[in-house]
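Counting the sequence shown from 1 gives a position; the working numbering is that position plus 12.
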Amino acid sequence: MTTAKATQMGKTDLAIIGGGPAALSAAIYAGRAGVAPTVFEAGALGGTLTQIAEIENYPGFIGTGAELAANLRRQAELAGAKLEYGTCNTVRRSAEGFELEIDGARYFARAIIAATGARPRPLELSLDVPVSYCALCDGSLAREKRIAVVGGGNSAFQEALYLAELVKSLTLITHSRVKADAILVERLRRYPNVEIRENLEPTAELLNKFDYVFVFIGKQPATEWLQDLDQSLPGAEHQAPTQNSTGQGSQSIAQNLARKGLLLDPAGYIIAPENRAALAGLFAAGDVRAGALRQAVVASADGASAALATIAYLQQIAQK
Ligand SMILES: Cc1cc2nc3c(=O)[nH]c(=O)nc-3n(C[C@H](O)[C@H](O)[C@H](O)COP(=O)(O)OP(=O)(O)OC[C@H]3O[C@@H](n4cnc5c(N)ncnc54)[C@H](O)[C@@H]3O)c2cc1C
């Protein structure tokens, strides 16, 4: 493992931006096919997996997110991938493909796989009590406290199940009806220290009554590093940013936007519907891709598809 700064003006055939399951799966497939990629990860290798206490729905694997992350990382290294820590700040077209800026250092790549995932959507309230977006990271700070969990989807319930074991009391607050899978809802309801409040607006006044607040209200894509490239494309002026993620049902919207030649959809997700190609040489995989079902197994499959499409692209340009 090296840092990006050590490689001033580095060159690679394939740069993979991000280090979550999409990126590491892409690295495994690319490496095994003979294209050893360089992976640039801004935070923790394994991505969001490193913050998940228990993974129960990744076929063939039962264990913590950190264990799955470590396995993926090891497999990527065995396949020959070079793993570096560094944040990609921007990317531009260059004669050789793409010029990346990683922590201030320039890097050239013939092709890129964008796998930067999505970050937690912030609760836009100013609270007097501590707020966390990660149960595994901050759960121990809430031990024996009265906590609120904001959110009504699978992530909120999954995280609440972890927190319920630690805290004195847990009130799950969702402004609408609960949307999580029935199995998770049933399991959480069994805890005597848990109360589930539906159709209740989580105001600052309400949340300040708790000792600690955990928030799981969705995600927003990590694509700020693609803004320059996006704005340089024809048709970029047609975009009007909106606040919402696209999600599973938006594949046809993504396809329509792709036909207009846009790189990012109005919510900022990468439009890459076919073969995971967003534009020549730039591929996308995982949570950052518009229309993707945001789960680890899908991110891994997406990474594999993106790697194979990228290899075909690199072979094609090599023949020219
Ligand atoms: C609380 C919670 C529980 C979950 N539980 C499950 C579960 O049980 N089962 C399941 O299948 N899925 C679960 N998920 C969803 C799953 O974690 C994601 O679908 C999956 O991690 C997406 O993988 P990814 O590689 O696309 O993105 P991520 O895992 O988010 O990885 C993206 C990586 O890119 C890095 N990055 C971002 N920007 C840059 C940049 N500019 N330069 C360099 N690096 C960058 C980030 O640091 C991050 O490490 C859960 C998610 C949450 C939030």
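Positions of the beta carbon are idealized from the N, C-alpha and C atoms, including for glycine.
Nothing here was measured: the structure is a model prediction, and the numbers come from that model.
Continuous alpha helix (DSSP H) stretch holding residue i: start and end
{"i": "residue 79", "result": "77 to 90"}
{"i": "residue 304", "result": "Here residue 304 belongs to no alpha helix (DSSP H), and DSSP marks it neither H nor E."}
{"i": "residue 147", "result": "147 to 150"}
Straight-line Cα distance separating residue j from residue i
{"i": "residue 281", "j": "residue 288", "result": "13 angstroms"}
{"i": "residue 202", "j": "residue 323", "result": "49 angstroms"}
{"i": "residue 44", "j": "residue 36", "result": "12 angstroms"}
{"i": "residue 85", "j": "residue 39", "result": "9 angstroms"}
{"i": "residue 93", "j": "residue 229", "result": "34 angstroms"}
{"i": "residue 116", "j": "residue 100", "result": "9 angstroms"}
{"i": "residue 339", "j": "residue 215", "result": "Because the chain in this structure spans residues 13 to 332, residue 339 falls outside the shown range and cannot be described."}
{"i": "residue 204", "j": "residue 69", "result": "26 angstroms"}
{"i": "residue 286", "j": "residue 299", "result": "16 angstroms"}
{"i": "residue 244", "j": "residue 59", "result": "29 angstroms"}
{"i": "residue 325", "j": "residue 184", "result": "48 angstroms"}
{"i": "residue 175", "j": "residue 241", "result": "41 angstroms"}
{"i": "residue 313", "j": "residue 218", "result": "41 angstroms"}
{"i": "residue 303", "j": "residue 82", "result": "27 angstroms"}
Bounding residues of the beta strand (DSSP E) (the contiguous stretch that carries residue i)
{"i": "residue 244", "result": "No beta strand (DSSP E) contains residue 244, which DSSP labels as neither H nor E."}
{"i": "residue 26", "result": "22 to 29"}
{"i": "residue 69", "result": "67 to 70"}
{"i": "residue 132", "result": "130 to 132"}
Helix, strand or coil at residue i [DSSP, three-state]
{"i": "residue 259", "result": "Note that residue 259 has pLDDT 41, beneath the 50 cutoff, so the model's placement of it is unreliable and the number below is only indicative. Three-state result, residue 259: coil."}
{"i": "residue 195", "result": "helix"}
{"i": "residue 102", "result": "strand"}
{"i": "residue 223", "result": "coil"}
{"i": "residue 254", "result": "Only weak support exists for where residue 254 lies, its pLDDT of 37 falling under 50; the value from the coordinates is given anyway. Residue state, collapsed to three classes: coil."}
{"i": "residue 166", "result": "helix"}
{"i": "residue 172", "result": "helix"}
{"i": "residue 47", "result": "coil"}
{"i": "residue 113", "result": "strand"}
{"i": "residue 325", "result": "helix"}
{"i": "residue 177", "result": "coil"}
{"i": "residue 141", "result": "coil"}
Selected residue, minimal CA-CA separation from residue i, among the options
{"i": "residue 329", "options": "167, 80, 135 and 122", "result": "122"}
{"i": "residue 31", "options": "111, 324, 325 and 52", "result": "52"}
{"i": "residue 212", "options": "129, 182, 168 and 163", "result": "163"}
{"i": "residue 102", "options": "295, 238, 307 and 311", "result": "238"}
{"i": "residue 195", "options": "167, 183 and 175", "result": "167"}
{"i": "residue 311", "options": "34, 106 and 181", "result": "34"}
{"i": "residue 319", "options": "24, 222, 47 and 83", "result": "47"}
{"i": "residue 76", "options": "88, 222 and 61", "result": "61"}
{"i": "residue 28", "options": "148, 128, 234 and 151", "result": "128"}
Assumed close pair residue i, residue j - CB separation to whole angstroms, cut-off 8 angstroms
{"i": "residue 210", "j": "residue 186", "result": "6 angstroms"}
{"i": "residue 142", "j": "residue 224", "result": "5 angstroms"}
{"i": "residue 290", "j": "residue 275", "result": "6 angstroms"}
{"i": "residue 161", "j": "residue 182", "result": "6 angstroms"}
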